[in-house]
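K.L.:
Just passing along the structure, written as structure tokens.
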Amino acid sequence: MIEFAKPFTPMGLKYSAVDLNGPVDEQTNEDLKTIISEAGASVAVETKEDGYRCIAHVNKDEVTLFTRSGSRYDERCFPDIVKTLTEMNLRKTILDMELRGIGNRYEGFKIVQERANGLIGRTVKGKTLDKRIALAQEKQLRLVAFDVVMISGKPIDELPLLHRTDLLDDIVAKGGKNITRAEQYIVNTPEQIIAFYKKTDSNEGEGIVIKQPGLSYLPGDDTHWIKVKRFESLDLTIVGIYQNEQTESRQALVATYVPTEEKYQTIGTVNLARKNPATGNTFAQDVHRKLRKNMRSVPPKNVDYGNCAPDSYVTPEKSIVLEIGAMEIQQSKNDYACGHNGKTAYSLRIGHVRSIREDKAPWQSTSTSKVAKLYLAKKLS
């Protein structure tokens with residue numbers, strides 16, 4: 001039950017494995033058709049801002065801000081946000097929004113991170129409070145609203161999405177330049193979803209969210225709002241092959257590079273069953289043709305394999321570089337060696353091959369330090 005000035009668990013996101021950054025193949029089209037079919041005849045697609053989730057409870061000049069997990073922001077450190085909301089003269093209204101820094105994707109997120117760091121779930125005092133208030137003047141935030149679940153003290157979460165969107169438009173219209181509504185379109189084909197994603201991607205958004213137009217707002221649900229996000233693009237060297245019964249490569253063990261030590265570190269395996277759009281063959285066929293004479297039974301000394309033991313090893317200097325799309329980079333206990341700190345290492349979540357990088361040498365692979373930066377940036381988002 002949604003109550004004013006009390007935290008609740010907002011609707012969450014279901015992450016889709018659909019990658020719209022690379023070539024759009026038949027499987028991608030089928031996946032999008034399935035999403036549309038499950039929603040009915042059409043879906044609502046919205047931009048996903050790269051910022052911090054913020055649930056704002058507003059009653060005239062009183063503002064309470066909660067995080068996605070229900071922790072409280074210290075509103076005194078966000079005078080710009082409070083000012084934007086109080087000037088709208090709302091009565092017992094709850095908005096679901098994203099806090100976003102002013103600037104491009106990375107600059108904007110860095111500002112949010114700096115503004116919110118150390119403020120969630122605690123009260124700031126003394127000089128720290130003064131510094132945070134001063135920072136608000138220097139690095140302002142804006143609000144991107146995408147839903148409203150209460151108006152004038154009346155919960156409206158049971159209304160369909162498009163009805164809530166209409167009401168949200170009326171609310172946002174009362175605000176100034178620092179609050180906007182998330183861009184939203186109703187589409188009914190995979191091609192339209194792809195076109196909207198490309199537009200969002202060119203504007204440096206984090207991705208898109210696909211929603212059912214007639215769906216109510218379901219607190220705590222994380223199965224109906226589907227997030228198609230920007231996949232991380234990594235250039236990784238093949239250092240091992242897992243073979244099938246016909247001896248053609250089936251999966252590739254890939255690695256990052258550590259320039260200061262001139263060595264490679266395993267980070268994950270990728271399936272090679274996809275078709276290579278450049279040749280018409282499967283990646284398995286092309287990789288096998290290029291590497292079959294360079295496979296060996298002994299691991300090369302300049303590769304840290306962790307606990308991985310592929311069927312065949314490949315010397316990096318005689319290997320090839322793959323462009324990999326990965327949903328995200330994880331850090332956990334696993335068998336890989338990338339950035340291993342004695343307990344955990346980096347790995348790929350849902351990685352797949354986009355292309356063979358004929359223009360790159362193995363030593364030009366994505367570095368382990370770059371992977372660490374990508375992981376940290378996403379962890380803080």
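Numbered per my numbering, the sequence shown spans residues 1 to 381. Ideal Cβ placement from N, Cα and C applies to all residues, glycine included. Predicted model only: the values in this text are computed from it and were never measured.
#1: Which runs of the beta strand (DSSP E) fall wholly inside the region 90 to 136 and span at least 3 residues, in chain order?
#2: Please return the same chain residues whose Cβ sits closer than 6 Å to the Cβ of residue 247, not counting the five positions on each side in sequence.
#3: Considering just the uninterrupted stretch of the beta strand (DSSP E) at residue 419, what are its terminal residues?
#4: When you compare each of 234, 138, 313 to residue 369 by their alpha carbons, which one comes out closest?
#5: If you follow the beta strand (DSSP E) that residue 3 is part of, which residue opens it and which one closes it?
#6: Rounded to whole angstroms, how far is the Cβ of residue 217 from the Cβ of residue 169, which I believe are closer than 8 Å?
#7: How close, in whole Å, do the beta carbons of residue 344 and residue 256 come, if the pair is a contact with beta carbons under 8 Å?
#8: Can you give me the Cβ contacts of residue 178 inside the same chain, cut-off strictly under 6 Å, excluding the 5 residues immediately before and after it?
#9: Using the three-state DSSP reduction, which class does residue 348 fall into: helix, strand or coil?
#10: For residue 208, collect the residues of the same chain with a Cβ closer than 7 Å to its Cβ; drop the 5 residues on either side in sequence, then sort them by chain order.
#11: Leaving out the 5 sequence neighbours to the left and right, which residues in its chain are closer than 7 Å to residue 262 when beta-carbon positions are compared?
#12: Going by DSSP, which residues form a beta bridge with residue 181?
#13: Any idea if residue 317 is buried or exposed, counting beta-carbon neighbours within 10 angstroms, 16 or more meaning buried?
#14: With respect to the beta strand (DSSP E) encompassing residue 44, which residues constitute its N-terminal and C-terminal limits?
#15: Would you decide whether residue 130 is buried or exposed? Buried here means 16 or more other CB atoms lie within 10 Å of its CB.
#16: Is the region 79 to 95 touching the region 161 to 176, taking contact as three or more C-beta pairs under 8 Å?
#17: Does the distance from the CB of residue 296 to the CB of residue 313 come in under 8 Å?
#18: For residue 268, which residues does DSSP report across the bridge?
#19: Closer than 8 Å is the cut-off here; do at least three beta carbon pairs connect the region 75 to 82 with the region 31 to 43?
#20: Using DSSP with H/G/I as helix, E/B as strand and the rest coil, what is residue 371?
#21: Roughly how many angstroms separate the alpha carbons of residue 332 and residue 364, rounded to a whole number?
P.N.:
Quick look at the numbers:
#1: Here the runs fully enclosed are 93 to 101.
#2: The predicted model places residue 247 with a pLDDT of 47, which falls under 50 and marks its position as unreliable; any figure quoted below should be read in that light. Cβ neighbours of residue 247 beyond the five flanking positions: none.
#3: Absent from the structure is residue 419, since the part of the chain shown begins at 1 and ends at 381.
#4: 234
#5: Looking at the DSSP string, residue 3 is not in any beta strand (DSSP E), and its letter there is neither H nor E.
#6: No, residue 217 and residue 169 are not in contact; Cβ-Cβ is about 16 Å, not under 8 Å.
#7: Incorrect: roughly 15 Å between the Cβ atoms, too far for contact.
#8: Within the same chain, and ignoring the five residues on either side of residue 178 in sequence, the residues whose Cβ sits closer than 6 Å to its Cβ are 84, 142.
#9: strand
#10: 45, 46, 47, 48, 196, 197, 200, 228
#11: Here residue 262 has 302 as same chain residues with Cβ atoms under 7 Å from its own Cβ, once five neighbours each way along the sequence are excluded.
#12: 145
#13: exposed
#14: 43 to 48
#15: By the 10 Å Cβ count, residue 130 comes out exposed.
#16: yes
#17: yes
#18: 254
#19: no
#20: helix
#21: 26 Å
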